[in-house]
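As you go down the protein sequences, you meet chains A and B in turn.
Each residue of the first sequence is one higher than the one before, counting from 1 in the working numbering.
Each residue of the second sequence is one higher than the one before, counting from 403 in the working numbering.
The beta carbon of each residue, even a glycine, is placed where N, CA and C say it ideally should be.
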Amino acid sequence: MTQILLKCLLVKCLGYLVLVVTLGFAISAQAQTSEPYKVGMTAAITGGSATSYAPMVEIFRAYISKVNDGGGVNGHPIQVIYEDDRGEPARAGTNSKKLVEQDQVALLVNTSISATYKPMIATARDSKTPLLFGGSVCPEEVFPPADPLLFCTTSFAALFDGDFAVRFIRESTKDKVRLGLALLDIPITRVGINAAETVGKKLGMEITAKVPMPPSVADFTPYASKLKDAGADWVFAWSPWPWEIGPYEALLKLGWQGNYILYGFQPLEAAFARLNKENLYALSGVALLAEGLPELKEIQAVAAKYGVSRIDLEGWVAAVAVHETLKACGWPCSREKLQGAMSGISITVKGVKGGPISWSRDNHFRTEQWYKIYRWDSAKGRPVAAKDWTRVDVAQKLKELK
Amino acid sequence: MQLFANTLVLASTYVLLATGYVVVYRASRVLNLAHGELMMLGGYAFFALVSVTPGQLIVAVPAALLVSFLAGVAVYFAVMRPMAGHPVFSAVLVTVSLGILLRGLVILGWTADIKYPLAVAGYQNAPLHMPGGAVLSGVDLFAIATAGALLLGLWLFFAKSRFGIQMRATAENSRLAAQRGIDIHLVFAVAWGISTFAAGLAGVLYTSSVRLDPEIGVIGLKAFPVALIGGLDSLAGVLPAALLIALLEILAIQYVSPLLSEVVPFLALLLMLCVRPWGLFGTKEEIERV
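Pasting the structure below:
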């Protein structure tokens, strides 16, 4: 009797197993074979800016692969068509036209330098295709009153970063601050540095030197000498990574003893460990992998599974946003429907960001911006928080800054 | 004093790079527009070698320089020699293509990530306080010494060695040199080798001091006005031109506007082309009218 019961149970279990496996395959197969959501990305995968943008594309690709392997969105896979624009406006323009007209994508994604924005925005407007800036600096058009078609997930934002960094300097220093500013001289960095300069002056700081640097620098030492000679005890740099870290390393070479704050792009973690200096601070809108949170470990596991060696969490955040907006759009998902879905969505990336990215009808940047400031702790041999996640009300801050 | 020290450091980078332009131009009348990328290649060779021999700079640096020298020889035999008989302009265009190809290959091999070979080797570029209050790093001092040693070594080589004299003869009149039994292809290949050796030195020093990524080749173009101001066919002109350009740049950064540092070398070049188109020490006869 017991044997018969056991046999029955075994047959039942096997039956369930077969059912589950078959269903799993069926769902996966449906996701692979059914009509996909089409997304077109133009990115600086090669060229001068690839150092910053290629790691974002890699992790973006890994996230999308993970979603597709898990059955896709609403039973449909996400097909991302990647185009390399090398950070060149003409290529970005051609890419976006091809993606919109030939590939008929529902959503455009830009992960490239600001010079590529104009032709892409023109194409997005002509074809009424939503355009997401994922990993590339948020353009003015996403701030209130936002262009209905343009959205942004990128954490770094010229006006806000400069303001937050300078306020942090004020909070952490009792004495009068002599602030030096360093930048690669391009329009977007000028916005960030000018904001820092204005806020710094308002907070009673002395701006000792503002040092713009050209795109090709054979030696950062002369620029660093200018900052040092001006007597800066704090320096804020907001630029692409080489122009942020270059002056700092040159200042170290000159024996400078002040404090330095920059925006923490992807190479920051390696730089922290390599330099082992406690006077380097970095503000960031995404967590550092070294924090070792379970969510971050999961991202690292996904990266390892899909062969991604360089992780830039901005790419992950952009991919989550694409996933969530497509989910909200449902099926079928037209460009118009997607735009509507994006205009009222809130995206949470737990463990990576301090708070959600919430878009409203008028605000396609986000309603709240979150920052954390890190510094290197040489005793612990890892980065630690110099200021924990802090919320900035975007509408209020914009009023203040404008 | 710091201003003087900064000038010397910048000038040493320019000396290493401009020497490469001059040596190749003297030998073959080709303006090598891939020189910056060959410097980058030297940097990557250095990075690859320190990665396999961490802490062994004494092995990695000479090996990277040997790789650079051999790369130059290979470039000559693979790319430039087949261009013999074609207009020089075509050969110059080939060097542009070579630069693009090298950048692509480097991205394929090492990605576009920024790398720091000195850190991989386990060394730090520590500041050293000089008499007079100036601060230089160990790599800066080494760069100044290396640039001086390279110029001295090349002067001795071209003035005293048999092969150096053969190279000068070939530079003067390659047909006559060939008729006198000089293996001119070997001479051209060695000229390319010396040029990329100097670029490799610049690559090793620049990547030890600043960073390594596929875009550092653009620094090569910054040394271009130095070579032209000194005289494209004159090694003697390299040092004064490098010092002049470096000083002008640093004065512009310090006292006028840091952004002018990008423009100043080309302003100086324009001025030189107006008053003395063959450069400070160049040969007047070498200039062809458009």
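query	result
Determine the chain A residues that contact P660/B at a beta-carbon separation under 7 Å, and present them in chain order.	V211, P212, M213, Y223 and K226
Kindly indicate which residue of S65/A, H323/A, V384/A and A122/A has the alpha-carbon position closest to the one of F272/A.	V384/A
Can you find a CB in chain A that lies within less than 8 Å of the CB of M403/B?	no
Indicate whether at least one CB of chain B lies closer than 8 Å to the CB of L288/A.	no
Between N408/B and chain A, is the shortest Cβ-Cβ distance under 8 Å, so that the two count as touching?	yes
Which chain A residues are close to E439/B, counting only those with a beta carbon under 9 Å from its beta carbon?	Neighbours of E439/B on chain A: none; closest Cβ ~13 Å, over 9 Å.
Extract the residue ranges of the alpha helix (DSSP H) inside the segment 80-121 of chain A, only unbroken runs of 4 or more that lie entirely within it.	89-97
For a quick check, are the C-beta atoms of F365/A and F220/A less than 8 Å apart?	no
According to DSSP, is M674/B helix, strand or coil?	helix
Counting Cβ pairs, one atom from each stretch, are 3 or more of them under 8 Å apart for the segment 206-214 of chain A and the segment 178-197 of chain A?	yes
I want to see whether chain A comes within less than 8 Å of P456/B, judged by CB atoms only; does it?	no
Helix, strand or coil, according to DSSP, for G365/A in the structure here?	Note on residue identity: the sequence assigns Phe, not Gly, to residue 365/A. Coil, per DSSP.
Kindly indicate which three-state DSSP category R391/A falls into: helix, strand or coil?	strand
When the cut-off is 8 Å and only beta carbons count, does T42/A lie next to chain B?	no
Under 8 Å, do D147/A and G192/A count as touching if we go by C-beta distance?	no
Using a beta-carbon distance cut-off of less than 7 Å, what residues from the segment 46-80 of chain A approach chain B?	T46, G48, A50, T51 and A54
Just reading off the alpha helix (DSSP H) that A701/B is part of, what are its end residues?	Because residue 701/B is not part of the residues shown, which for chain B are 403 to 692, the question remains open.
Please identify, using Cβ separations under 7 Å, the residues of the segment 265-282 of chain A that lie next to chain B, in order along the chain.	P267 and R274
Give me the Cα-Cα distance between P55/A and L558/B, rounded to the nearest whole angstrom.	48 Å
Give the residues of chain B in contact with S216/A, contact being defined as C-beta atoms less than 8 Å apart.	V620, I621, L623, K624 and E664
In or out: E269/A buried (at least 16 other Cβ within 10 Å) or exposed?	buried
Measure from the alpha carbon of G285/A to the alpha carbon of each residue in D388/A, G72/A, Y63/A and T94/A, then state which is nearest.	D388/A
Note down the Cα distance separating K297/A from L289/A, rounded to an integer number of angstroms.	8 Å
Name the residue from Q104/A, S52/A and P294/A whose alpha carbon lies nearest to the alpha carbon of Q79/A.	Q104/A
State yes or no: is the beta carbon of L412/B nearer than 8 Å to at least one beta carbon in chain A?	yes
Could you give the first and the last residue of the continuous alpha helix (DSSP H) run that contains E336/A?	R335 to M342
Assuming V426/B and V432/B are in contact, meaning their beta carbons sit under 8 Å apart, how far apart are those beta carbons, in whole angstroms?	6 Å
Between G232/A and L251/A, what straight-line distance do the alpha-carbon atoms span, to the nearest angstrom?	Here the sequence assigns Ala to residue 232/A, which means Gly is not the residue at that position. Near 11 Å, if we compare the C-alpha coordinates of L251/A and A232/A.
Residues in its own chain within less than 6 Å of I311/A by CB, not counting five upstream and five downstream?	I59 and A303
Where does V177/A sit, in a helix, a strand or coil, going by DSSP?	coil
Quickly, what does DSSP pair F236/A with across the bridge? List them, please.	L181/A and I261/A
Quick check on A29/A: does DSSP put it in helix, strand or coil?	At A29/A the pLDDT is 48, less than 50, meaning the model places this residue with poor confidence; the figure from the coordinates comes in the next sentence. DSSP places A29/A in helix when its eight states are reduced to three.
For chain B, is any of its Cβ atoms less than 8 Å away from the one on G315/A?	no
Under the criterion of a Cβ to heavy atom distance below 7 Å, does E314/A qualify as lining the ligand GTP?	Looking for the ligand GTP in the displayed structure turns up nothing, as the structure carries no ligands at all.
Name, in chain order, the residues that DSSP records as bridge partners for F683/B.	Answer by DSSP bridge pairing: none, since F683/B is not bridged.
Where DSSP assigns a beta bridge to F133/A, which residues make up the other side?	N110/A and C152/A
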